[in-house]
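Shown next, in structure tokens, is the structure this report addresses.
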Amino acid sequence: KANGVSTLGQKNSLYERKGKKILSYYVVGNAPLEMQFSCNASTIIDMELLESSFDLMSNPLFEITKRENWMMPTPFVLNDAVVIRQKIKPSTVIVDNRLNPTPVNPISKIVKDSSTIQ
Numbered sequence: 001k002a003n004g005v006s007t008l009g010q011k012n013s014l015y016e017r018k019g020k021k022i023l024s025y026y027v028v029g030n031a032p033l034e035m036q037f038s039c040n041a042s043t044i045i046d047m048e049l050l051e052s053s054f055d056l057m058s059n060p061l062f063e064i065t066k067r068e069n070w071m072m073p074t075p076f077v078l079n080d081a082v083v084i085r086q087k088i089k090p091s092t093v094i095v096d097n098r099l100n101p102t103p104v105n106p107i108s109k110i111v112k113d114s115s116t117i118q
């Protein structure tokens with residue numbers, strides 16, 4: 001799931017993708033991306049995040065000469081973008097249930113997450 005939403009057209013718990021891409025996310029209103037997924041414990045996680053921001057020409061970290069008025073950016077290419085590639089490393093999430101203790105006899109249905117990747 002991405003921000004609590006399952007993939008459109010996904011029929012079972014196994015996400016079948018084409019290529020390496022899992023999703024594309026475009027930030028709106030500075031909302032963060034939160035992903036939920038599960039995989040086999042023996043699986044080695046090898047995930048990369050590719051982030052792009054379209055502020056190369058105005059970014060204070062760079063000194064870029066502005067384009068001449070006769071120059072045109074190449075279509076369908078990340079022009080004037082700062083691109084950051086980052087490796088995602090697995091970490092253990094510790095859930096502290098002291099504030100919301102589990103009842104002694106819980107009556108709840110266990111629902112399998114629809115975004116399981118195996």
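Residues in the sequence shown are numbered from 1 upward in steps of one, following my numbering.
Quick reminder that beta carbons are idealized off the backbone N, C-alpha and C, glycines included.
Every value quoted in this text rests on a predicted model; they were computed, and no experiment measured them.
Asked                                                                        : Found
Under the three-state DSSP convention, the category M35 falls into           : strand
Alpha-carbon to alpha-carbon, K87 and F37                                    : 17 Å
Straight-line Cα distance separating F76 from N30                            : 24 Å
Inter-residue Cα distance where the pair is P90 and E34                      : 14 Å
Cβ-Cβ distance between A81 and S53 below 8 Å                                 : yes
First through last residue of the beta strand (DSSP E) which encompasses K87 : V82 to I88
Three-way DSSP call (helix, strand, coil) for V5 in this model               : strand
Where M47 falls: helix, strand or coil (DSSP)                                : strand
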